[in-house]
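So the sequence shown is numbered by numbering that gives the first Met the number 0: it starts at 0 and just counts up by one.
Positions of the beta carbon are idealized from the N, C-alpha and C atoms, including for glycine.
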Amino acid sequence: MAEPRVPGSDDDRRLELPCGESLDPHDIDLGTYEYRCTCGESHAVVQDPHPPSRFFPESLVAVLQETIETDDEFEQFGTPHLMGIVLEEFPEKVVVHDAAEDGAVGYAMVWITDFDARRLHEIVVELVVELMEHAISHAEDDDAVSEFEAQMLEFDVGEFVEQYRAQRDFESEHDAAL
Ligand SMILES: [Zn+2]
């Protein structure tokens, strides 16, 4: 028996990627963190149910949730905000797909970047460091500001990402927040 045809459903089956290739958003499941594309590159895949601790520890997530006010439909700072910052910084390198109306997938939003998952991880960490620098520069406490700046001088994004990714097994289905 033929499926009922829904207007626009063909579009829902095809998401164009920054590299010019396309994929079917229905092929993305919750465990997809990276997509090996027919263009020969790998592209990072981020979905709204992925916690921000995909990128950094829960302790830092908690600090961000404390310090960053959100004025949208999301209750607290989370993955959609992180990807919003990435999208703002690299509008041509990120595509976003809204699947909120699509009951056939396990996510409401998916972002796919031209970068691979590791490069995206570095970019997210860099942008969050900038965000925190900005937030802390408004702090009244000069000691806190200089302490933070001193810590950041020693902070190596590449090394952090390397260690964090090694700690968390992204190939495993049992990946859990630390
Ligand atoms: Zn591609």
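If you count every other CB in all the chains shown that lies within 10 Å of the CB of Asp113, and 16 or more means buried, which is it? By the 10 Å Cβ count, Asp113 comes out buried.
Which one of Asp140, Glu72, Pro24 has the shortest CA to CA distance from Val45? Minimum Cα-Cα distance from Val45 among the listed residues Asp140, Glu72, Pro24 corresponds to Pro24.
Could you name the residues of the same chain whose beta carbon sits closer than 8 Å to that of Asp97, not counting the 5 residues immediately before and after it, in chain order? For Asp97, where only same-chain residues beyond five positions count, the Cβ hits under 8 Å are Ala107, Met108.
On the premise that Thr78 lies in contact with Pro50, defined as a C-beta separation below 8 Å, what is that separation, rounded to the nearest angstrom? Rounded, the Cβ-Cβ distance is 7 Å, consistent with contact.
Under the three-state reduction of DSSP, which class applies to Gln162: helix, strand or coil? Reduced to three states, the DSSP call for Gln162 is helix.
Rounded straight-line distance, which links the Cα of Tyr163 to that of Phe154: Distance from the CA of Phe154 to the CA of Tyr163, rounded to the nearest whole angstrom, comes to 13 Å.
Residues near Val60 in its chain [Cβ-Cβ closer than 7 Å; skip 5 each side]: So the qualifying residues of the chain are Pro51, Ser52.
In chain order, what residues of the same chain have a beta carbon less than 6 Å from the beta carbon of Arg4, not counting five sequence neighbours either side? Bear in mind that a pLDDT of 49 at Arg4, under 50, signals an unreliable position, so the model cannot answer this.
Would you tell me roughly how many angstroms separate the C-alpha atoms of Gly157 and Gln150, rounded to the nearest one? When rounded, the separation of the alpha-carbon atoms in Gly157 and Gln150 is 15 Å.
Taking all protein chains shown into account, do 16 or more other C-beta atoms lie within 10 angstroms of the C-beta of Ser136, making it buried, or fewer, making it exposed? The C-beta of Ser136 has fewer than 16 other C-beta atoms within 10 Å across all chains shown, which makes the residue exposed.
Between Arg12 and Glu74, what straight-line distance do the alpha-carbon atoms span, to the nearest angstrom? Whole-angstrom Cα-Cα distance: 30 Å.
Any beta carbon from chain D within less than 8 Å of Ala138's own beta carbon? The question asks about chain D, but that chain is absent: this structure has only one protein chain.
Could you tell me the alpha carbon to alpha carbon distance between Glu40 and Val93, rounded to whole angstroms? Taking the straight line from one Cα to the other gives about 14 Å.
Buried or exposed for Glu33, going by 16 or more other Cβ atoms inside 10 Å? Flag for Glu33 reads buried.
Note down, in chain order, each residue of its chain lying with its Cβ closer than 8 Å to the Cβ of Asp115, except the 5 sequence neighbours on either side. Only Glu33, Glu40, Ser41, His42, Ala43 meet the Cβ criterion.
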